[in-house]
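Just so you know, the numbering used here puts 354 at position 330 of the sequence shown, and the rest follows in order with no gaps. Think of the CB as a built atom: it goes at the ideal place given N, C-alpha and C, for glycine as much as any other residue. Read the structure below first, then the notes.
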Amino acid sequence: MKLLILAGDGIGPEVMAEVKRVIDWFANRQGLEFEVNEDLVGGAAYDVHGTPLHDETLKRARESDAILLGAVGAPQYENLDFSIKPERGLLRLRKELDLFANLRPAICFDALADFSSLKRDVVSGLDIMIVRELTSGIYFGEPRGVHDDGEGGRIGINTQRYTTEEIRRVARTAFELAQRRDGKVCSMEKANVMESGGLWREEVQWVGDHEYPDIELSHMYADAGAMQLVRWPKQFDVIVTDNLFGDILSDEAAMLTGSLGMLPSASLGAFAQNDRPHALYEPVHGSAPDITGQGKANPCASILSFAMALRYSFDLNDEALRLETAVEKTLASGVRTPDLLQAKEVATPATTKDIGDAVIDHLEATL
Ligand code: IPM
Ligand code: MG
25 MKLLILAGDG
35 IGPEVMAEVK
45 RVIDWFANRQ
55 GLEFEVNEDL
65 VGGAAYDVHG
75 TPLHDETLKR
85 ARESDAILLG
95 AVGAPQYENL
105 DFSIKPERGL
115 LRLRKELDLF
125 ANLRPAICFD
135 ALADFSSLKR
145 DVVSGLDIMI
155 VRELTSGIYF
165 GEPRGVHDDG
175 EGGRIGINTQ
185 RYTTEEIRRV
195 ARTAFELAQR
205 RDGKVCSMEK
215 ANVMESGGLW
225 REEVQWVGDH
235 EYPDIELSHM
245 YADAGAMQLV
255 RWPKQFDVIV
265 TDNLFGDILS
275 DEAAMLTGSL
285 GMLPSASLGA
295 FAQNDRPHAL
305 YEPVHGSAPD
315 ITGQGKANPC
325 ASILSFAMAL
335 RYSFDLNDEA
345 LRLETAVEKT
355 LASGVRTPDL
365 LQAKEVATPA
375 TTKDIGDAVI
385 DHLEATL
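See the structure below:
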């Protein structure tokens, strides 16, 4: 099992250090054979190579079974040209490996139900899966850019663009997941104002009618969906949506679970030679420059992303569950980073490394 670790910027290296300890535990204590390589991405790569993703790194990414990514971006790169911003490193990886299906599960652990900004009964037991299209739409559509308008002003342009096949393939991923869950898919777009949204709705419906008649399919405008997500999120099972709406709705869903520091993700692509899809696993949170280097970062989202790698890239379901349970027990025991402590609590917050220690203790306890 070939892993490529791209820790990236900000808190990326800190949370990845804990993931590496978890990988070592599975290697040493469970006999799993990983080949682990590490490389640079984002600002870290720009500093060394002048580009946020070196061709050599892309080559290594193609040759690996799973990529584990930390985070990209930092304030010092904000004024760089778009083509070499840290974020482009991640976007290029997604595009070049055709990682079109981004799975973002929002699960509310019981121990964290009180940390959600919503009432306990609205979020406890929540388990939804957002499937975000990741390689097309307004993130990549042409034309794009900023031009002079010839009258002293400027025009900024981005293009929302989707093809039949791009919509159908991500819809299939959502339907497949729903078949193994509660059998419901809700598709979100803005078919009321965007032609591409109308096409999205028709194509998702087509896949539902022709290939998954057993799945209960519904459609919502994305604004109404955003509202329903905070009103009564448990009405959803699988949500499928485009690249931009998926970016926004998944951050919103993350807060339902208590903290942005809890949400893992898997980005899956077309099948590679060894019958495994290209896959990249990363926390939904970003590089968090405000807390970088202080030991405050919550590594749970990254650790849970590795659990997703065990499940989706290597079919190691028992191991994935074992790891998810260890994280849940860690949080239930009160070992928590500051994002998961309420002001009134006097408990000393745990450091990033404390979380890693506790997760490994709970893994040990399962032997
Ligand atoms: C995400 C992030 C990225 C995105 C950024 C870092 C490019 O917000 O993965 O949700 O917008 O897709
Ligand atoms: Mg985002």
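For this session: Evaluate S220 with the Cβ neighbour count: other Cβ atoms within 10 Å of its Cβ, from every protein chain shown; 16 or more gives buried, anything less gives exposed.
Result: Classification of S220: buried, given that the 10 Å Cβ count is 16 or more.
Exercise. For D271, is the beta carbon positioned less than 7 Å from some heavy atom of ligand 2?
Worked result: yes
Problem set entry | Rounded Cβ spacing between L123 and L158 (contact assumed at less than 8 Å) | 6 Å
Exercise. I131 lies in the beta strand (DSSP E); which residues open and close that run?
Worked result: A125 to I131
Exercise. Apart from the five residues on each side of it in sequence, which residues of its chain come closer than 7 Å, Cβ to Cβ, to Y101?
Worked result: G67, Y70, K109 and P110
Exercise. Within the present structure, is the beta-carbon of D89 separated from the nearest heavy atom of ligand 2 by less than 7 Å?
Worked result: no
Exercise. Ligand 2 heavy atoms versus the CB of D275: any closer than 7 Å?
Worked result: Yes; taking the cut-off as 7 Å, the Cβ of D275 has a heavy atom of ligand 2 nearer than that.
For this session: Verify the contact flag: G32, CB atom, against every heavy atom of ligand 1, threshold strictly below 7 Å.
Result: no
Exercise. For I20, is the classification buried or exposed, using 16 other Cβ atoms within 10 angstroms of its Cβ as the cut-off for buried?
Worked result: The chain is shown from 25 up to 391; residue 20 falls before or after that span and cannot be answered.
Exercise. In this structure, does DSSP put H309 in helix, strand or coil?
Worked result: Reduced to three states, the DSSP call for H309 is coil.
Problem set entry | beta-carbon E111 near ligand 1 non-hydrogen atom, thresh 7 Å | Yes; taking the cut-off as 7 Å, the Cβ of E111 has a heavy atom of ligand 1 nearer than that.
Problem set entry | Extent of the continuous alpha helix (DSSP H) to which G232 belongs | E219 to E235
For this session: Could you check what DSSP says for K143 in three-state terms: helix, strand or coil?
Result: coil
For this session: List the DSSP bridge partners of V209.
Result: L241 and V262
Problem set entry | Same chain, Cβ closer than 7 Å to H386, neighbours up to 5 away in sequence not counted | A350, K353 and T354
Exercise. At a cut-off of 7 Å, is L27 close to ligand 1 when judged by its beta-carbon and the heavy atoms of the ligand?
Worked result: no
Exercise. Going by the CB atoms, is the gap between G358 and N322 shorter than 8 Å?
Worked result: no
Exercise. Who are R112's beta bridge partners in DSSP?
Worked result: In DSSP, R112 forms no bridge with anything.
Exercise. Is DSSP giving T81 helix, strand or coil here?
Worked result: helix
Problem set entry | Member of N126, Q259 and G165 whose CA lies at the smallest distance from the CA of S274 | N126
Problem set entry | Segments of 3+ residues assigned as beta strand (DSSP E) that fall wholly inside the stretch 152–197 | 165–172 and 178–183
Exercise. In three-state DSSP terms, what is S289?
Worked result: coil
Exercise. Who are the Cβ neighbours of T316 in its own chain at under 6 Å, not counting the five residues just before and after it?
Worked result: G34 and I35
Problem set entry | Assigned exposure category for T187 - 16 Cβ within 10 Å defines buried | Result: exposed.
Problem set entry | Burial state of H234 (16 or more Cβ within 10 Å) | With fewer than 16 other CB atoms across the displayed protein chains lying within 10 angstroms of its CB, H234 is exposed.
Exercise. First and last residue of the alpha helix (DSSP H) that includes G380?
Worked result: T376 to A389
Problem set entry | Backbone secondary structure at I35 - three-state DSSP | coil
For this session: From the DSSP output, read off the bridge partner residues of D63.
Result: L30
Exercise. Taking one C-beta from the stretch 211–227 and one from the stretch 176–196 each time, how about it: are there three or more such pairs within less than 8 Å?
Worked result: yes
Exercise. Identify the residues that DSSP records as bridge partners of I91: which are they?
Worked result: L28 and L304
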